[in-house]
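Under our numbering, the sequence shown has 399 at position 322, and the numbering climbs by one with no breaks. Idealized CB from N, CA, C, for every residue including glycine.
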Amino acid sequence: MLVRDKANQSMGGIEPRRILIFVPNWVGDVVMATAAMRAIRRHFQGAHIVHLMKPYVADVLSGTGLSDEQFFWPARPDSQHSGRLGLIGDLRRRRFDLAVLLTNSFRSALIARLAGVERRVGYARDARGWLLTDRLRPLRQGRRFVPVPALDYYNDLARYLGCEEVEDRLALATSMEDESSIDKRLGSLDPEQPLVVLNPGANYGSGKCWPAEKYAALADAVVSRYGARVVASLGPKERAIADRLQAAANRPIEVYVDPPLGLGPLRALIRRCHLLVTNDTGPRHFAAAFDVPVVTIFGSSDPAWTETRFGKERVVKLDLDCQPCMARVCPLGHHDCMQKLEPDLVLEKVDEFLGMRQTGSEPGRLNVVQ
Numbered sequence: 078m079l080v081r082d083k084a085n086q087s088m089g090g091i092e093p094r095r096i097l098i099f100v101p102n103w104v105g106d107v108v109m110a111t112a113a114m115r116a117i118r119r120h121f122q123g124a125h126i127v128h129l130m131k132p133y134v135a136d137v138l139s140g141t142g143l144s145d146e147q148f149f150w151p152a153r154p155d156s157q158h159s160g161r162l163g164l165i166g167d168l169r170r171r172r173f174d175l176a177v178l179l180t181n182s183f184r185s186a187l188i189a190r191l192a193g194v195e196r197r198v199g200y201a202r203d204a205r206g207w208l209l210t211d212r213l214r215p216l217r218q219g220r221r222f223v224p225v226p227a228l229d230y231y232n233d234l235a236r237y238l239g240c241e242e243v244e245d246r247l248a249l250a251t252s253m254e255d256e257s258s259i260d261k262r263l264g265s266l267d268p269e270q271p272l273v274v275l276n277p278g279a280n281y282g283s284g285k286c287w288p289a290e291k292y293a294a295l296a297d298a299v300v301s302r303y304g305a306r307v308v309a310s311l312g313p314k315e316r317a318i319a320d321r322l323q324a325a326a327n328r329p330i331e332v333y334v335d336p337p338l339g340l341g342p343l344r345a346l347i348r349r350c351h352l353l354v355t356n357d358t359g360p361r362h363f364a365a366a367f368d369v370p371v372v373t374i375f376g377s378s379d380p381a382w383t384e385t386r387f388g389k390e391r392v393v394k395l396d397l398d399c400q401p402c403m404a405r406v407c408p409l410g411h412h413d414c415m416q417k418l419e420p421d422l423v424l425e426k427v428d429e430f431l432g433m434r435q436t437g438s439e440p441g442r443l444n445v446v447q
């Protein structure tokens, strides 16, 4: 699928003692990278593995055992220059044999080079190929990248390193603290009542957000049809979405926004729910990692980039001429890709899972509504 830029087609012969992995910056990308990180962990069992990441994504990987140590990018903009110099010094002292760049930025390749890492493996893009010792080239059509699932993108790096057991299955964990926190929030659960979680926000921008009023209409239908308990989780910056959701709902719905759950308790919530309905955002992949059915609603983004081949996922999207634009905010001002997507289309996919739960049957393969 991807083209190597060296005569050797893999790095299976090396046995690095210290490995530095540059972790992606988005929550969803981190989750999709866990399959590759687990393969690296298994293949290089004697190596000391360090993750370099943004502080806010560290919690996503907590409890997975995929690294022995964590380093963090400088968090404050006013201290980034001095912080990066200190980071480079710390990394140089560790004498890493191998750097695996799951990130695509020029910065990550430069840091790996300045840190004196002997072997630097990543994709030759963003004008950074000369900083890498081993370059993989993503597929292009002219100047444009061909959509490739991020899961395959990361897994191909693991295969290049010689990893043989590279699976699609994502790897997440929850802690006792996470579980205890969500226990307190949920209280007692009725084992006969389906628990449906809604994730109506998206840090990426409004281009990915199905309107709160449509989520409310869906929640009303799910409560009416299945007697479900519906919980919506939103981040601290999504209070306006939470207010619109609560105002539009006619049936009972619990909105967790003040205080927000945090990534750990949110993982615990999704792990125990019967169905997640979400925009194309990070928590979507929590469901895949925990084998929980999920209905994902797409607007501006392209499902081809984030396909994980999870058999219990259903994708709902329209097929408009302006899709996918990949924009954070609708460049045409109408946001038709979400405004014209009616709750009945999403409810059809919800019915597949909740109806099957009542009959005990199994869901089939992925379906896209167009």
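Assuming L424 and L295 are in contact, meaning their beta carbons sit under 8 Å apart, how far apart are those beta carbons, in whole angstroms? Reading the sequence shown from its first residue, position 347 is the one you call residue 424. Reading the sequence shown from its first residue, position 218 is the one you call residue 295. L424 to L295, Cβ: 6 Å. Contact.
Separation of L191 from K291, as counted between CA atoms: For the purposes of this step, residue 291 is taken as the residue at position 214 of the sequence shown. For the purposes of this step, residue 191 is taken as the residue at position 114 of the sequence shown. Taking the straight line joining both Cα atoms gives about 50 Å.
Please report the straight-line C-alpha distance between G376 and P401, rounded to a whole angstrom. Within the sequence shown, the letter at position 299 stands for residue 376. Within the sequence shown, the letter at position 324 stands for residue 401. Approximately 7 Å between the Cα atoms of the pair.
Figure out for me which residue from F149, E195 and S182 has the closest Cα to the Cα of G206. Locating residue 206 in the sequence shown gives position 129, where the first residue counts as 1. When only C-alpha atoms are compared, the closest one is S182.
By alpha-carbon positions, which one of D396, Q147, L178 and W382 ends up nearest to V225? In the sequence shown, counting from the first residue as 1, residue 225 sits at position 148. Measuring from the Cα of V225, the nearest candidate turns out to be W382.
Among G388, I374, S301 and L409, nearest to E419 - alpha-carbon criterion: Mapped onto the sequence shown, residue 419 falls at position 342. For the residues G388, I374, S301 and L409, the minimum Cα distance to E419 belongs to I374.
As assigned by DSSP and simplified to three states, the class of V458: Here the chain comprises residues numbered 78 to 447, so residue 458 is not present and cannot be evaluated.
Give the DSSP bridge partners of L272, in chain order. Position 195 of the sequence shown, counted from the start, is the residue given in the question as residue 272. Looking at the DSSP assignment, L272 forms a beta bridge with R306.
Leaving aside the five residues before and after L409 along the sequence, list all residues of the same chain whose C-beta is less than 7 Å from its C-beta, in chain order. The residue labelled residue 409 in the question sits at position 332 within the sequence shown. C399, listed in sequence order.
Counting only runs of 3+ residues fully inside the segment 238 to 305, write out the beta strand (DSSP E) ranges in chain order. 272 to 276
Give every residue of the same chain whose Cβ lies closer than 7 Å to the Cβ of K285, excluding the five residues on either side of it in the sequence, and list them in chain order. Within the sequence shown, the letter at position 208 stands for residue 285. Hits under 7 Å: A279, N356, D357, T358, G376, S377 and S378.
With distances taken between CB atoms, is the gap from V369 to V354 smaller than 8 Å? For the purposes of this step, residue 369 is taken as residue 292 along the sequence shown, with counting starting at 1. For the purposes of this step, residue 354 is taken as residue 277 along the sequence shown, with counting starting at 1. Their beta carbons are not under 8 Å apart, which means V369 does not touch V354 by this criterion.
State the start and end residues of the unbroken alpha helix (DSSP H) segment that holds R119. Looking up residue 119 in the sequence shown gives position 42. First-last of the alpha helix (DSSP H) with R119: V104 to H120.
Could you spell out where the beta strand (DSSP E) holding Q147 opens and where it closes? Sequence index remark: in the sequence shown, residue 147 carries index 70 (1-based). Segment E146 to F149, the beta strand (DSSP E) holding Q147.
Per the DSSP calculation, R197 is bridged to which residue(s)? To locate residue 197, count along the sequence shown from 1; it is residue 120. Answer by DSSP bridge pairing, in chain order: A176.
Would you check if there are 3 or more beta carbon pairs closer than 8 Å linking the segment 324 to 338 to the segment 298 to 307? yes
Straight-line Cα distance separating P268 from Q447: For this step, residue 447 is matched to residue 370 along the sequence shown. For this step, residue 268 is matched to residue 191 along the sequence shown. Unreliable placement is indicated for Q447, whose pLDDT of 30 sits below 50; the coordinate value is still reported in the next sentence. Near 35 Å, if we compare the C-alpha coordinates of P268 and Q447.
V445 - DSSP class collapsed to helix/strand/coil: Counting from 1 along the sequence shown, the entry for residue 445 is found at position 368. Its pLDDT being 33, under 50, V445 is placed unreliably by the model, and the measurement read from it follows with that caveat. Three-state DSSP puts V445 in a strand.
Quick one: give me the first and last residue of the alpha helix (DSSP H) that I318 is part of. As a working mapping, residue 318 is identified with position 241 in the sequence shown. It spans R316 to A325 - the alpha helix (DSSP H) in which I318 sits, taken as one unbroken run.
In whole angstroms, what separates the C-alpha of V243 from that of R321? Here residue 243 refers to the residue found at position 166 when the sequence shown is read from its first residue. Here residue 321 refers to the residue found at position 244 when the sequence shown is read from its first residue. Each residue's Cα considered, the two are about 43 Å apart.
Unbroken alpha helix (DSSP H) run spanning L343, endpoints: Along the sequence shown, read from residue 1 onward, the residue named residue 343 stands at position 266. Per DSSP, L343 belongs to the alpha helix (DSSP H) from L340 to R349.
Whole-angstrom C-beta distance between V177 and I98, which should lie under 8 Å: Locating residue 98 in the sequence shown gives position 21, where the first residue counts as 1. Locating residue 177 in the sequence shown gives position 100, where the first residue counts as 1. Contact holds; Cβ gap of about 5 Å.
Please state whether DSSP places H362 in a helix, a strand or coil. Walking along the sequence shown from the start, residue 362 turns up at place 285. In the structure shown, H362 sits in a helix (DSSP, three-state: H, G or I).
Throw me the rounded Cβ distance for the D233 and L213 pair, which I believe falls under 8 Å. Taking the first residue of the sequence shown as 1, we reach residue 233 at position 156. Taking the first residue of the sequence shown as 1, we reach residue 213 at position 136. Indeed, because the Cβ distance is near 7 Å, the residues count as touching under 8 Å.
Pairwise C-alpha distance: E241 and P93: What you label residue 93 is simply residue 16 of the sequence shown in a count that begins at 1. What you label residue 241 is simply residue 164 of the sequence shown in a count that begins at 1. Spanning the two alpha carbons is a distance of roughly 16 Å.
Quick check on R190: does DSSP put it in helix, strand or coil? Locating residue 190 in the sequence shown gives position 113, where the first residue counts as 1. Three-state DSSP puts R190 in a helix.
Does the segment 130 to 142 come close enough to the segment 159 to 169 to have 3 or more Cβ pairs within less than 8 Å? no
Alpha-carbon to alpha-carbon, P215 and L275: Numbered from 1 along the sequence shown, position 198 holds the residue referred to as residue 275. Numbered from 1 along the sequence shown, position 138 holds the residue referred to as residue 215. Taking the straight line from one Cα to the other gives about 34 Å.
Return the bridge partner residues of L129 from the DSSP annotation. Counting from one through the sequence shown, the residue named residue 129 turns up at place 52. Partner(s): F99 and F148.
Spatial neighbours of I126 within its chain, please: CB distance less than 6 Å, with the 5 preceding and 5 following residues excluded, ordered by chain position. On the sequence shown, residue 126 is found 49 positions in, with the first residue counted as 1. Counting only Cβ-Cβ distances below 6 Å, and skipping sequence neighbours, we find I96, S144 and D145.
Please identify the residue among L208, M109 and G239 whose C-alpha is closest to the C-alpha of Q122. Against the sequence shown, residue 122 aligns to sequence position 45. It is G239 whose Cα lies nearest to the Cα of Q122.
CB A307 to CB V334, shorter than 8 Å? Taking the sequence shown and counting its residues from 1, the one referred to as residue 307 is at position 230. Taking the sequence shown and counting its residues from 1, the one referred to as residue 334 is at position 257. Here residue 307 is Val; the residue named in the question, Ala, does not match the sequence. No.
Since I believe L346 is in contact with L431 (beta carbons under 8 Å), could you give me their beta-carbon distance rounded to a whole number of angstroms? Looking up residue 431 in the sequence shown gives position 354. Looking up residue 346 in the sequence shown gives position 269. At roughly 17 Å, the Cβ-Cβ gap does not stay under 8 Å, so L431 and L346 are not in contact.
Run the CB neighbour count on R169, radius 10 Å, all protein chains shown included, and call it buried at 16 or more, exposed below. Taking the first residue of the sequence shown as position 1, residue 169 is located at position 92. Result: exposed.
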